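>
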Amino acid sequence: MNLHSSRYGESFWQALVTLGDHHIERDHAARVLAFWSDLSRELLSEPDLSEADGAVRFTWCGDRYTLQVDVHRDGRVSWYFRDASLPPGQSEGENEQRPDELPARFWE
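Take the position in the sequence shown, starting the count at 1, then add 10; the result is the number in our numbering.
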């Protein structure tokens, strides 16, 4: 699996491919890599990579939109999407879905 792309910085790749060397279980890290392999085909910008409640979180923040996608230890994927132009408290959505079922607007 060739995950490397010049679209993303070396620090991002280093963090992604060394998850299993740190406190992330190796099978969880493998799920994250498989998820990113599929997701990165969408020509997304580089996300922030972090841990959140035991999940590995990909976060994209723009002036208007925020998208967080969590890959959990058991392989579930959950997401949170926020449109800052909406009134307070009205997020676009939060759900557990397969990433290939996320609405097309997430990739725009």
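Glycine included, every Cβ here is placed at the ideal spot set by N, Cα and C. Since the model is a prediction, treat every value here as computed from it, not as a measurement.
1) Just to confirm, are PHE22 and LEU59 a CB contact at a threshold of 8 Å?
2) Evaluate LEU29 with the Cβ neighbour count: other Cβ atoms within 10 Å of its Cβ, from every protein chain shown; 16 or more gives buried, anything less gives exposed.
3) In three-state DSSP terms, what is ASP80?
4) Only counting the same chain, and skipping five residues up and downstream in sequence, which positions put a Cβ closer than 7 Å to that of VAL81?
5) Using a threshold of 8 Å, state whether the C-beta atoms of HIS38 and ARG83 are closer than that.
Quick look at the numbers:
1) yes
2) buried
3) Strand, per DSSP.
4) ARG41, VAL42, PHE45, ALA65, VAL66, VAL87
5) yes
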